[in-house]
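In this note's numbering, the protein residues as written are 6 to 144. Where a beta carbon is used, it is the ideal one built from N, C-alpha and C, also for glycine.
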């Protein structure tokens with residue numbers, strides 16, 4: 006049984022985090038949760054399918070998987086279904102959101118949250134000020 010971290014493409018939802026930054030975030034998370042990372046797996050660039058980790062699951066018997074964010078989960082329904090089947094016994098940890106869980110209900114709730122935030126309005130911070138943002142939040 007292994008504790009594994011996975012680095013992906015630098016474009017993670019609204020974030021741009023290079024792999025060395027992803028590793029720092031996940032290492033800090035693991036340290037705070039008293040988890041000992043046994044393996045770091047890089048997913049291919051421009052891929053959000055987590056195919057490599059599913060393939061390696063057969064050999065490494067992964068028990069806990071740490072990702073930077075829920076935004077690293079696959080987007081396509083077919084890929085989510087494959088992940089749910091292949092990784093059903095794995096406990097997922099998402100460092101930036103600070104959540105962890107296991108099973109279909111947990112992962113589907115994470116993908117639902119990602120889809121909800123994709124619909125949110127994007128505010129161009131170069132065209133506003135902190136005081137305007139504060140007023141926007143108050144109203």
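Between 7, 20, 137, which has its C-alpha nearest residue 66's C-alpha?
Here residue 66 is taken as the residue at index 61 of the chain shown, counted from 1. When only C-alpha atoms are compared, the closest one is 7.
Using the beta-carbon count (16 or more within 10 Å), is residue 10 buried or exposed?
If you number the chain shown from 1, residue 10 lands on position 5. Flag for residue 10 reads buried.
Taking the Cβ atom as the reference point for each residue, do residue 96 and residue 107 lie within a distance shorter than 8 angstroms?
Reading the chain shown from its first residue, position 91 is the one you call residue 96. Reading the chain shown from its first residue, position 102 is the one you call residue 107. Contact: yes.
Using alpha carbons as the reference points, say which of 69, 110, 43, 76 lies closest to residue 54.
Within the chain shown, the letter at position 49 stands for residue 54. Selected option, being the one with the closest Cα: 76.
Are there 16 or more other CB atoms within 10 angstroms of the CB of residue 2, so buried, or fewer, so exposed?
Missing from the structure shown is residue 2; the chain here goes from 6 to 144 and no further.
Does the beta-carbon distance from residue 113 to residue 73 come in below 8 angstroms?
One-based indexing of the chain shown puts residue 113 at position 108. One-based indexing of the chain shown puts residue 73 at position 68. No, Cβ-Cβ distance for residue 113 and residue 73 is not below 8 angstroms.
For the beta strand (DSSP E) containing residue 106, list its first residue and its last residue.
Taking the chain shown and counting its residues from 1, the one referred to as residue 106 is at position 101. Residues 104–107.
Quick one: which unbroken beta strand (DSSP E) runs of 3-plus residues sit fully inside the stretch 7–92? Chain order, please.
If we require 3 residues or more, the beta strand (DSSP E) runs fully inside the stretch 7–92 come out as 7–12, 44–47, 67–72.
Give me the residue from 110, 124, 45 with the minimum Cα distance to residue 25.
For the purposes of this step, residue 25 is taken as the residue at position 20 of the chain shown. The option with the nearest alpha carbon to residue 25 is 45.
In terms of residues, what are the limits of the beta strand (DSSP E) holding residue 96?
As a position in the chain shown, residue 96 is number 91, starting the count at 1. Residue 96 -> beta strand (DSSP E) spans 96–99.
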